[in-house]
Amino acid sequence: MIFTKTDNQPVQVEGYPYLFVGSVGTSCEIVFLLQHGITHIINVSSSAKCNIFDEMTYLCIAGVRGESDMHVHHIDKAVEFIEQARREGGKAMSHCWYGKNRSVTMLVAYLMKYADMTATEANDLIKRTRPQADPYWDPLEDYAEYLKEYNE
């Protein structure tokens, strides 16, 4: 199954009404975004195009083409952006091109830090509503180590 710009509906993470994942197509659907109350958008891509809609607050993480480009500082920046949205009463959506790897990595990391889940538990949760979810596991292992040091 290929997910392209026609994949234009954000998917809410079960049990987390402020947490959404989607593809690039999702990020272009302002009516749908507003209907779902999404206020914050994370774009993780090789060349992040952001600030498309004035109604949204954006975090652009550019230069991430694949797993080797994903670093702990990218991940933690996205995690804190999501938490800021939640604290402000907003809703955050993470997206990349397909809504499969990069975007899901950020949501898995968020659930690791703020819901005390393992990466596998978080991914399994996301897969319930986004079956194609397939995060970058090596950066998540690095992030787990970072969290361990952070909590000591």
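So for the sequence shown, UniProt numbering puts the first residue at 1; every next one is plus one. Glycine included, C-beta positions come from ideal geometry on N, C-alpha and C.
Inter-residue Cα distance where the pair is residue i and residue j
i	j	result
residue 119	residue 70	16 Å
residue 41	residue 25	13 Å
residue 106	residue 64	12 Å
residue 109	residue 116	10 Å
residue 75	residue 17	21 Å
residue 97	residue 127	17 Å
residue 83	residue 61	16 Å
residue 57	residue 151	29 Å
Selection from the options that minimises the alpha carbon distance to residue i
i	options	result
residue 9	16, 35, 18	35
residue 44	67, 37, 54	67
residue 132	21, 16, 17, 88	21
residue 161	149, 95, 145, 104	Outside the shown range of the chain (1 to 152) lies residue 161, about which nothing can therefore be said.
Under 7 Å between C-beta atoms of residue i and residue j
i	j	result
residue 85	residue 78	no
residue 136	residue 101	yes
residue 32	residue 59	no
residue 23	residue 99	yes
residue 140	residue 113	no
residue 11	residue 19	no
residue 39	residue 90	yes
- Mind listing, in chain order, the continuous beta strand (DSSP E) runs of no fewer than 3 residues lying wholly within the UniProt domain "Tyrosine-protein phosphatase" (9 to 152)? 11 to 13, 16 to 22, 40 to 44, 57 to 61, 92 to 95
- the stretch 120 to 127 in contact with the stretch 46 to 62 per 3-pair CB rule at 8 Å: no
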